[in-house]
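Protein chains in written order, with this note's numbering: chain E, 15 to 24; chain U, 782 to 992.
Take a look at the structure set out below.
And the structure:
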């Protein structure tokens, strides 16, 4: 899933 | 970490230091929207709750703590140290709609129905419109102190710089965060009129005045 991103930004 | 992201984060830090500097040097919160600052506190708290259980890096950890703490400090300065009633009179944007709208959109577009994911989505939608009370106030007064405009510019630049960062990460890592990109672009568009006036007046050494 392209939207399953790790929240590694601010 | 690419150069756009670093530059964006530095710009974000700079905006906060400019704002705190302005408030403490002038001992005044004139021209600064408390409502916008309140929304940013809500944005940081809802988005960075994960600092307590998700480890990404020391950089992310320190920045998250800084953004939560500094936004609460600004709220404290505005409410308890330098509060004036004339500022409150101009700060009339109905933020309840921004909060409610962000809540509804977060429930529709969240990636996953967990509390942290919904709050994350909520914080993205809310951040994209959090500057509106400040811009509305600017619109009403028609002018602003130069430091205030530097603050708004640095804050807008932070989100604008994240756009090339997302391009970079999409091509370099195949990473694409639809919600962050969409809300980030909306947020940058909201700043566009302001950027235009800032470019034409403040960067040419003139006072910020709306036509």
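From the three backbone atoms N, C-alpha and C, an ideal C-beta is built for every residue, glycine too.
Could you work out which residue in the options is closest to residue i when comparing CA atoms only?
i: residue 880 of chain U; options: U/840, U/841, U/905; result: U/905
i: residue 916 of chain U; options: U/843, U/818, U/826; result: U/818
i: residue 907 of chain U; options: U/929, U/933, U/878, U/977; result: U/878
i: residue 870 of chain U; options: U/847, U/892, U/887, U/914; result: U/914
i: residue 875 of chain U; options: U/896, U/912, U/893; result: U/912
i: residue 873 of chain U; options: U/918, U/938, U/949; result: U/918
i: residue 938 of chain U; options: U/973, U/805, U/954, U/841; result: U/973
i: residue 833 of chain U; options: U/897, U/784, U/892, U/797; result: U/897
i: residue 892 of chain U; options: U/958, U/795, U/845, U/950; result: U/958
i: residue 23 of chain E; options: U/976, U/975, U/946, U/985; result: U/946
i: residue 1059 of chain U; options: U/808, U/929, U/953, U/955; result: Given a span of 782 to 992 for chain U in the structure shown, any question on residue 1059 of chain U remains unanswerable.
Rounded to the nearest angstrom, how far is the Cβ of residue i from that of residue j, given a contact under 8 Å?
i: residue 920 of chain U; j: residue 988 of chain U; result: Not quite, the Cβ-Cβ distance comes to about 16 Å (not below 8 Å), so this is no contact.
i: residue 910 of chain U; j: residue 971 of chain U; result: 7 Å
i: residue 903 of chain U; j: residue 883 of chain U; result: 5 Å
i: residue 931 of chain U; j: residue 799 of chain U; result: 5 Å
i: residue 978 of chain U; j: residue 991 of chain U; result: 7 Å
i: residue 998 of chain U; j: residue 793 of chain U; result: Residue 998 of chain U lies beyond the residue range present for chain U, which begins at 782 and ends at 992; the question has no answer from this structure.
i: residue 888 of chain U; j: residue 830 of chain U; result: Not quite, the Cβ-Cβ distance comes to about 17 Å (not below 8 Å), so this is no contact.
i: residue 980 of chain U; j: residue 789 of chain U; result: Rounded, the Cβ-Cβ distance is 19 Å, inconsistent with contact.
i: residue 858 of chain U; j: residue 804 of chain U; result: 5 Å
i: residue 951 of chain U; j: residue 783 of chain U; result: Contact doesn't hold; Cβ gap of about 11 Å is too wide.
Would the segment 813-832 of chain U count as touching the segment 960-977 of chain U if we require 3 or more Cβ pairs under 8 Å?
Verdict: no, contact absent.
Please list, in chain order, the residues of the segment 963-980 of chain U that have any C-beta partner in chain E closer than 9 Å.
Those would be none; no residue qualifies.
Mind pulling the alpha helix (DSSP H) runs of 4 or more residues that sit fully within the segment 840-896 of chain U?
Correct list: 866-871, 876-890.
What are the residues of the segment 855-885 of chain U that lie near chain E, defined by any Cβ-Cβ distance shorter than 8 Å?
Across the segment 855-885 of chain U, no CB contact with chain E closer than 8 Å is found for any residue.
Would you be able to state if there are at least three C-beta pairs under 8 Å between the segment 825-837 of chain U and the segment 848-860 of chain U?
In short, these stretches touch, since the Cβ pair count reaches three.
Name the residues in the segment 938-960 of chain U whose C-beta lies less than 7 Å from a C-beta of chain E; which are they?
Taking 7 Å as the cut-off between beta carbons, the residues of the segment 938-960 of chain U near chain E are 956, 957, 958, 959, in sequence order.
In chain order, which alpha helix (DSSP H) runs of at least 4 residues are fully inside the segment 806-844 of chain U?
Whole alpha helix (DSSP H) segments, 4+ residues: 815-828.
Using Cβ-Cβ distances below 7 Å, what residues of the segment 833-844 of chain U are close to chain E?
Going along the segment 833-844 of chain U in chain order, one finds 837, 841, 844 with a Cβ nearer than 7 Å to chain E.
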